[in-house]
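*Asks:* This note's numbering applies: residue 97 is where the sequence shown begins, and numbers increase by one. Here a beta-carbon is modelled for each residue, glycine too, at the ideal position from N, C-alpha and C. Below you'll find the structure I mean.
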Amino acid sequence: MGENGEFWRLAQDLMESEPEATVDELPVSEPPVTESAEGSTNVVAATQRLVPGSPGVLVALALVGVVVVASVISIVFWSLSDYDPNDVDGDGIANGVDDCYDGFSEWTSSIALDHDGDGCHDAEEDGDDDNDTVPDDADACPTGESGWLPSAVTDNDGDGCHDGMEDSDDDNDNVSDELDAFPLDGTEWQDTDGDGVGDNSDAFPEDPSEQLDTDGDGWGDNSDAFPWNGAEWSDADGDGLGDNTDPDDDNDGALDENDLHLGKDIGVQIRLENFTLFDAVDLFSDRGQIRFCISVNSGWNGCMSPYESDFYIGERRDVGINSSFNLDESIRYHHINISIIDWDPLFDDDVDIHPDEGVLTYSAVYDSLATEQNLSFVANGSGDGDAGSLEFSLEPLDYLGMTRVEYYWNFGGQTHGIDITTTHADYLMYRNMNHAIDWTNAYTNADIIPQYAAFSTPNDATVKGTADQLRADAISNGYTSDLDILRYIYGFVGKIQYAYDIDTTNFSEYPKYPLEMLIDRSGDCEDSSALFISLVEALGYDAGLMLGSVKATEDDEWGGHAWPVVALDNHEGWSINGVGEKANLTYYFVESTAYYEGSSDIGVNPWYEIKDEAFFDVEE
97 MGENGEFWRL AQDLMESEPE ATVDELPVSE PPVTESAEGS TNVVAATQRL
147 VPGSPGVLVA LALVGVVVVA SVISIVFWSL SDYDPNDVDG DGIANGVDDC
197 YDGFSEWTSS IALDHDGDGC HDAEEDGDDD NDTVPDDADA CPTGESGWLP
247 SAVTDNDGDG CHDGMEDSDD DNDNVSDELD AFPLDGTEWQ DTDGDGVGDN
297 SDAFPEDPSE QLDTDGDGWG DNSDAFPWNG AEWSDADGDG LGDNTDPDDD
347 NDGALDENDL HLGKDIGVQI RLENFTLFDA VDLFSDRGQI RFCISVNSGW
397 NGCMSPYESD FYIGERRDVG INSSFNLDES IRYHHINISI IDWDPLFDDD
447 VDIHPDEGVL TYSAVYDSLA TEQNLSFVAN GSGDGDAGSL EFSLEPLDYL
497 GMTRVEYYWN FGGQTHGIDI TTTHADYLMY RNMNHAIDWT NAYTNADIIP
547 QYAAFSTPND ATVKGTADQL RADAISNGYT SDLDILRYIY GFVGKIQYAY
597 DIDTTNFSEY PKYPLEMLID RSGDCEDSSA LFISLVEALG YDAGLMLGSV
647 KATEDDEWGG HAWPVVALDN HEGWSINGVG EKANLTYYFV ESTAYYEGSS
697 DIGVNPWYEI KDEAFFDVEE
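Structural data, given as structure tokens:
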């Protein structure tokens, strides 16, 4: 009985040492018995009383004494025992830190009985043995790590096991963390294609480029042109109309039912590379003012002169004419005629370039379905006294695929390059616009220049993206000043191939929008001017367009020309003053059709003389 047992033994010893008390017995008479009227028997109760000195009184007094003595002895023994008022239950945990200080007693806290040391007996009174706030009946590690609190970081699956110290399956998906591609996601554990999306939720678990198929048409959302429309998934021409319902998928003008080249917008690029004049064309003249004429499918496409039109007898010179033509895809064979004339004020003379006598024009038949074609031709002619040799080539085009072009050019002694990406729809939008210049009421360059300026498009997304690329590339190569950035852009534009216009007008003028020039990789003076102006205006610089007549030498004839000008502070070179509100700005000359390191620069005028020039301010 412990301390209380010892107390009772002592009390018993004290009682046994007391003398026996005497009790006087009173005589007890027999109660009278009477009969009632009914004949029953009544017993008159006898009474007995205790008087001082009687045995009952002595016994009562003895018991009271025993209780008093026991209490005194208990107090004495209590004071003499190891009882600690600061540890009421005697478990070795002070009341102040004992979560069950007045609970189960007669035990000593240990890791076996009290895992978390909170003073609560694990088996008898503690419902959270590791003190992690997760009840034991819901805790997968009831006697695990203690001294921590569950959270999304420490216990991802809420199972009561510390992820970093005792849980080998943090998301409780029965796949160990070591083998689980998603150790914190109980719904995923494998990523076959390595795209970061678990196989269970990946609609294309073996295709790293696709994860979702919102409309359930079997085409991943990333490649589906219509991810919310289960009936459509492709838009070859980018016109916003799905190919399944679009009667002209490639927007090439040929209905799909008649289209020999579905999914393509085919064309042909004609390059006039070199020409040699064999004989005199005009009497008493050793040179000819040569023009080159092209006709496609019996349609008149115009004549154009090379950059320098005078050819001397025996002189082989680059022509540099590069023109592209869209073709009717309902037709397999396309007829291309190339002829040359010597132009002069009096009359035009045909120049014989065909090998057959009496045939002046070189004709080629372009088979659009041929798998292999020799697309390079050399025509040599003789006879008639008007003879020459022309080297040219034909190259197939797919305008639909011309949405990404790579450019490389030299600047600062290094080769630089950028990629330009657009959409066929954007390209078609500009190509299908009206490109004609109306000369009806235009008699001077000042009259016509606003029409040319309208081809500048600094707000076009592709143009803006190209401008940003060029500036970033310039800065990364150490060209950080405004002048250096403009020079860098000039170097890019000036390296794009020069190409004369061919159109259906008698003026041989076909201004291109900047996006057209970027995709076609070619253009003439008004085209390159519009491109340069658009690029620099997109970056916040102030540029303008100039039209005028120029010549490079005293003996040259005057020729029409277009060029951009750009406003710069503290610069030198050929310049003009702005007009109107821009009268205080100085604009410097840029020969955008050509860039030659060491001899070309902003403010350098390569022309001998300029006259009749007109300025037009181009705003962003």
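Between which two residues does the beta strand (DSSP E) holding D708 run?
*Replies:* Element bounds for D708: 705-714.
*Asks:* Quick check: what's the CA-CA separation for P702 versus F407?
*Replies:* Roughly 21 Å separates the two Cα atoms.
*Asks:* Taking DSSP as the reference, what is the three-state secondary structure of K608?
*Replies:* Here K608 sits in coil by DSSP.
*Asks:* Does the beta-carbon distance from V686 to W659 come in below 8 Å?
*Replies:* The answer is yes: Cβ separation under 8 Å.
*Asks:* Would P238 and D225 qualify as a contact pair, given that the criterion is a beta-carbon distance under 8 Å?
*Replies:* It is a contact, given that the beta carbons lie within the stated cut-off.
*Asks:* Could you please give me the residues that DSSP links to Y723 through a beta bridge?
*Replies:* The structure shown does not extend to residue 723, since the chain is modelled only from 97 to 716, so the question has no answer here.
*Asks:* Drop a sphere of 10 angstroms on the beta-carbon of T682, count the other beta-carbons inside from all chains shown, and report buried for 16 or more, exposed for fewer.
*Replies:* Classification of T682: buried, given that the 10 Å Cβ count is 16 or more.
*Asks:* Can you check whether the CB of Q593 is closer than 8 Å to the CB of I514?
*Replies:* The answer is no: Cβ separation not under 8 Å.
*Asks:* Is it true that the stretch 421-430 meets the stretch 385-404, where meeting means three or more beta-carbon pairs spaced less than 8 Å apart?
*Replies:* Yes, the stretch 421-430 is in contact with the stretch 385-404.
*Asks:* Can you list, in chain order, the residues of its chain whose CB lies under 7 Å from that of D212, leaving out five sequence neighbours each side?
*Replies:* Cβ neighbours of D212 beyond the five flanking positions: D225, D226, N227, S242.
*Asks:* Counting only the same chain and skipping the five closest in sequence on each side, list residues whose C-beta sits under 6 Å from that of D335.
*Replies:* Result list for D335: N347, A521, in chain order.
*Asks:* How about G53 and E328: do their beta carbons lie closer than 8 Å?
*Replies:* No information on residue 53 is available, as it lies outside the stretch 97 to 716 that the chain covers here.
*Asks:* Rounded to whole angstroms, what is the Cα-Cα separation between V589 and N666?
*Replies:* About 24 Å.
*Asks:* So the candidates are G619, T372, N422, I436; which of them puts its Cα closest to the Cα of F551?
*Replies:* Checking every option, the nearest Cα to that of F551 belongs to G619.
*Asks:* Thinking C-alpha only, which one of E650, Y637, M613, L496 is nearest E715?
*Replies:* Measuring from the Cα of E715, the nearest candidate turns out to be Y637.
*Asks:* Per DSSP, what kind of secondary structure is R567 in: helix, strand or coil?
*Replies:* Three-state DSSP puts R567 in a helix.
*Asks:* Please return the same chain residues whose Cβ sits closer than 6 Å to the Cβ of D287, not counting the five positions on each side in sequence.
*Replies:* Closer than 6 Å at the Cβ level, and outside the excluded window around D287, lie A277, G294.
*Asks:* Excluding sequence positions up to five away, which residues of its chain have a Cβ less than 8 Å from the Cβ of Y504?
*Replies:* Counting only Cβ-Cβ distances below 8 Å, and skipping sequence neighbours, we find T511, H512, G513.
*Asks:* When DSSP builds the beta bridges, which residues end up paired with Y458?
*Replies:* I434, per the DSSP bridge assignment.
*Asks:* Alpha carbon to alpha carbon, what distance is there between G290 and D301?
*Replies:* The question names Asp, yet the displayed sequence has Pro at residue 301. So the alpha carbons of these two residues sit roughly 9 Å apart.
*Asks:* Helix, strand or coil for P238? Go by DSSP, reduced to three states.
*Replies:* P238: coil per DSSP, three-state reduction.
*Asks:* In whole angstroms, what separates the C-alpha of V415 from that of G656?
*Replies:* Spanning the two alpha carbons is a distance of roughly 19 Å.
*Asks:* In the DSSP output, what is A538 paired with across the bridge?
*Replies:* DSSP output for A538 lists no bridge partner at all.
*Asks:* In the DSSP output, which residue or residues are listed as bridge partners for S696?
*Replies:* S696 pairs with nothing; no bridge assigned.
*Asks:* Unbroken alpha helix (DSSP H) runs of length 4 or more, entirely within the stretch 581-655: which are they?
*Replies:* As far as the stretch 581-655 is concerned, its whole alpha helix (DSSP H) runs of at least 4 residues are 610-616, 621-634.
*Asks:* Please classify W285: is it buried, with 16 or more other beta-carbons within 10 angstroms of its beta-carbon, or exposed?
*Replies:* The residue in question, W285, is buried, as its Cβ has 16 or more Cβ neighbours within 10 Å.
*Asks:* Going by DSSP in three states, T511 sits in which element: helix, strand or coil?
*Replies:* It is a strand residue.
*Asks:* Check P546 in the structure and name its three-state DSSP category.
*Replies:* DSSP places P546 in helix when its eight states are reduced to three.
*Asks:* Considering just the uninterrupted stretch of the alpha helix (DSSP H) at Y523, what are its terminal residues?
*Replies:* Start and end: 520-527.
*Asks:* Count the other CB atoms within 10 Å of the CB of G240; is the residue buried (16 or more) or exposed (fewer)?
*Replies:* That one is buried.
*Asks:* Where does E487 fall in DSSP's three states?
*Replies:* Of the three classes helix, strand and coil, the one that applies to E487 here is strand, per DSSP.
*Asks:* Among N270, D616, I581, whose alpha-carbon lies nearest the alpha-carbon of Y596?
*Replies:* Checked all of N270, D616, I581; the closest Cα to Y596 is D616.
*Asks:* If the criterion is Cβ atoms closer than 8 Å, does the pair D218 and W203 meet it?
*Replies:* Taking 8 Å as the Cβ cut-off, D218 and W203 do not qualify as a contacting pair.
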